[in-house]
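Peer 1: As numbered in my numbering, residues 582 to 761 make up the sequence shown, in order. All C-beta atoms, glycine included, are put in the ideal place defined by N, C-alpha and C.
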Amino acid sequence: LKREKPNKLIFELSPVNDGETDGTYTIEVTTQDLIGNVSEPIRTTFSYVTKVPIVASTVPEDGAQFNTPLDHVEAVLVDNSGAGLDPEKSRLTLIGPDGRAVSGTSDWQEPDTVVFTMKKLLATDGGDDGRYTIKVQAADKTGASAIYEFTFLYDTTPPEVKLVSPTDEYMTNESIDHVY
């Protein structure tokens with residue numbers, strides 16, 4: 582306890598930032614004057630949180646590669662504070678191969694999932710092919726938050742076969758030992 586001014590006391594804590602001291606704390610203060618009069622106690626409660634919420638999983642999974650039409654992506658969050666996840670501040674954005682946000686809406690599904698629904702299915706003609714980034718903002722009710730990114734590859738374009746040799750209409754009476 583440290584006196585900064587005649588009417589101001591400071592109580593300093595040195596908590597560890599590894600989650601060990603995370604929790605809800607209550608401070609109660611009463612004062613006494615020189616004559617002996619004692620004030621009513623004043624209480625304040627606060628949360629101390631060093632661990633932010635995390636993403637447990639995404640759909641599609643991080644690093645996935647697939648070619649089936651997609652209309653939504655989702656992320657399951659984990660609360661590390663004990664105060665609960667904040668559905669108003671937790672959101673999901675989908676970034677397309679061109680670096681721009683895909684058009685759609687981010688919604689909360691109880692108890693712990695953020696879902697991004699696209700305005701239209703990804704095309705199956707190769708037009709939407711590429712690497713996508715799922716950007717998740719995970720927030721809890723203490724105000725702690727973190728942003729996470731996960732990627733997946735969407736590829737609907739079949740491989741192209743290009744035959745160089747033997748050429749079309751090629752004629753020979755010798756054995757062919759390789760084709761390229």
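(1) Determine which residues share a DSSP beta bridge with residue 711 and list them.
(2) Could you tell me the distance, in whole angstroms, from the CA atom of residue 571 to the CA atom of residue 609?
(3) Applying the 10 Å Cβ sphere with the 16-neighbour rule, what's the burial state of residue 632?
(4) Please classify residue 643 as buried or exposed, where buried requires at least 16 other C-beta atoms within 10 Å of its C-beta.
(5) Within 10 angstroms of its Cβ, does residue 656 collect 16 or more other Cβ (buried), or is it exposed?
(6) Contact between the segment 661–676 and the segment 719–728 is defined here as three or more beta-carbon pairs at a separation below 8 Å; is this criterion met?
(7) Cα separation between residue 675 and residue 626?
(8) Report, in whole angstroms, the separation of the C-beta atoms of residue 673 and residue 717, which I expect to be a contact under 8 Å.
Peer 2: In terms of the structure at hand:
(1) In the DSSP secondary-structure assignment, residue 711 is bridged to 735.
(2) The first residue shown for the chain is 582 and the last is 761, placing residue 571 beyond what the model contains.
(3) Classification of residue 632: buried, given that the 10 Å Cβ count is 16 or more.
(4) It counts as exposed.
(5) With a threshold of 16 other beta carbon atoms within 10 Å, residue 656 meets it and is buried.
(6) Segments in contact, yes.
(7) When only Cα atoms are considered, residue 675 and residue 626 end up about 38 Å apart.
(8) In this structure residue 673 touches residue 717 by the C-beta definition: roughly 5 Å separates them, less than 8 Å.
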